[in-house]
Amino acid sequence: MKYFHASLLERASEQPSIHVPLTPSGWSAAELLNHVAHMERRWLVWGFLGQHIDNVWGDWHGGSCHAPHATLSMLHDALAQNLDVAVEVNSHH
61 MKYFHASLLE RASEQPSIHV PLTPSGWSAA ELLNHVAHME RRWLVWGFLG QHIDNVWGDW
121 HGGSCHAPHA TLSMLHDALA QNLDVAVEVN SHH
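Heads up, the sequence shown is in this note's numbering, so the first residue is 61 and it goes up one at a time.
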C-alpha cells in the first residue's frame, strides 16, 4: 500500500491542478486519490474490522466520484491513516 500511495501522490503532485480530469474515465487526480482513500477505508474498517464508518460512500455524489474541495495534503493524510489501519488489521489476522 505504501508503494502505491507514494506513486499516486507523486504523480498527482506533478500535475498543474489535481482537479483537472486526466484519465479516460474523466476522473481528476483528486477524485482518484479520494476514491482510493475511501475504498481502502471501506475494505479495512468496515469490511475487515467490522466497524461503523460515517459517510461510508463519501467519495460518491450524484452517481459519480467527487472531490471538489480535496487538497493533496488532505488526501495524503487520508491515505496515511489507511496505512495505520492496515497495520491494525494485520495485527488481528
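Idealized CB from N, CA, C, for every residue including glycine.
query	result
Distance between beta carbons of alanine 127 and glutamate 70, contact taken as under 8 Å	No, glutamate 70 and alanine 127 are not in contact; Cβ-Cβ is about 18 Å, not under 8 Å.
Outcome for alanine 66 when other beta-carbon atoms lying within 10 angstroms are tallied against a minimum of 16	exposed
Residues sharing a beta bridge with histidine 121, DSSP	Ser124
Delimiting residues of the alpha helix (DSSP H) encompassing alanine 130	First-last for alanine 130: undefined, no H or E at that position.
Best match in Val145, Phe64, Ala140 for proximity to glycine 107 [C-alpha to C-alpha]	Val145
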